[in-house]
Every structure is written in C-alpha cells, then in structure tokens.
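Q: Quick note on numbering: the sequence shown equals residues 14 to 123 in the working numbering.
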Amino acid sequence: MPQRDVHQCQCPRCTNPEPHPDQQGHRRINLLMSRLDEQQRRWYAAVESAKLGHGGARTLSRITGLDVDTIRRGRRELADSLEGRPADRVRLPGGGRPAVEKKVPRSSRP
Ligand SMILES: [Zn+2]
14 MPQRDVHQCQ
24 CPRCTNPEPH
34 PDQQGHRRIN
44 LLMSRLDEQQ
54 RRWYAAVESA
64 KLGHGGARTL
74 SRITGLDVDT
84 IRRGRRELAD
94 SLEGRPADRV
104 RLPGGGRPAV
114 EKKVPRSSRP
C-alpha cells in the first residue's frame, strides 16, 4: 500500500513558530487521516468538527485540508446514522471507477 503524506496543519497555531499545545493534537489528527480511506476521513473530520461546535467545519478544514463542504457532508451522513453508506466499500456501487486490479499477463509473448 502506498504511503500517503501526512498533511501539515495550516491553522494559525501550527503555522506559528511558537509552540502551542494544539500542534500535537492537530498532527495526530492528520497522522490518523493519512491511514483512513476517503469516507472515513470525511467522518472523522466530521466528528472532530462537531466537538468544536460553531465554526468547527472551517477549523477542521484548515487542519486537515479537506473541503468545508466535504466535512459538512460527513456531518450530515453521521446525523443520518450513515444511512445508505456501505460498510465495506469506499464508494457506492457504480459511483466512480472500480479499483484497478493488478493483472499478470496470461502469456508473455516473446
Ligand atoms: Zn493546527
């Protein structure tokens, strides 16, 4: 599995050279994010943003680099108890390109 880069938080506290207690928390959020799939990232950001209350989606967008609308969509999905979201697929059937499997040619011709 390819290693995804860990996003660097762009919030004022992390871009400031002065150390701040939030920096480690934000780094951990992005570290975890780097190991999640698309919909898991959306939901995790949604959960974290909900903890912050008003303006949370915007703050999480700055921390994670996810779009504000993506985070809001995650919050709506969580509010709907993830109704209709598949438990074992990143994308809904028919939604986007299927995963490309690595194929070994049946015969390698000379
Ligand atoms: Zn930060």
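Here a beta-carbon is modelled for each residue, glycine too, at the ideal position from N, C-alpha and C. As the structure is a computational prediction, the values presented were derived from the model and not from experiment.
Count the other C-beta atoms from every protein chain shown that fall within 10 angstroms of the C-beta of residue 97, then say buried if there are 16 or more, exposed otherwise.
A: Exposed.
Q: For the stretch 24-62, which segments carrying the beta strand (DSSP E) assignment without a break, of at least 3 residues, lie completely within its bounds, in sequence order?
A: If we require 3 residues or more, the stretch 24-62 turns out to have no beta strand (DSSP E) run fully inside it.
Q: Look at residue 22 and residue 43 and say whether their C-beta atoms are less than 8 Å apart.
A: Yes.
Q: Tell me whether residue 55 is buried or exposed, calling it buried when 16 or more other Cβ atoms sit within 10 Å of its Cβ.
A: By the neighbour-count rule (16 or more Cβ atoms within 10 Å), residue 55 is buried.
Q: What residue does the alpha helix (DSSP H) around residue 71 start on, and which one ends it?
A: Run containing residue 71: 69-77, per the alpha helix (DSSP H) assignment.
Q: How should residue 61 be labelled, buried or exposed, when 16 other C-beta atoms within 10 angstroms of its C-beta is the threshold for buried?
A: Classification for residue 61: buried.
Q: Is DSSP giving residue 100 helix, strand or coil here?
A: Coil.
Q: Apart from the five residues on each side of it in sequence, which residues of its chain come closer than 6 Å, Cβ to Cβ, to residue 70?
A: Taken in chain order, the residues that qualify are 62, 81, 84 and 85.
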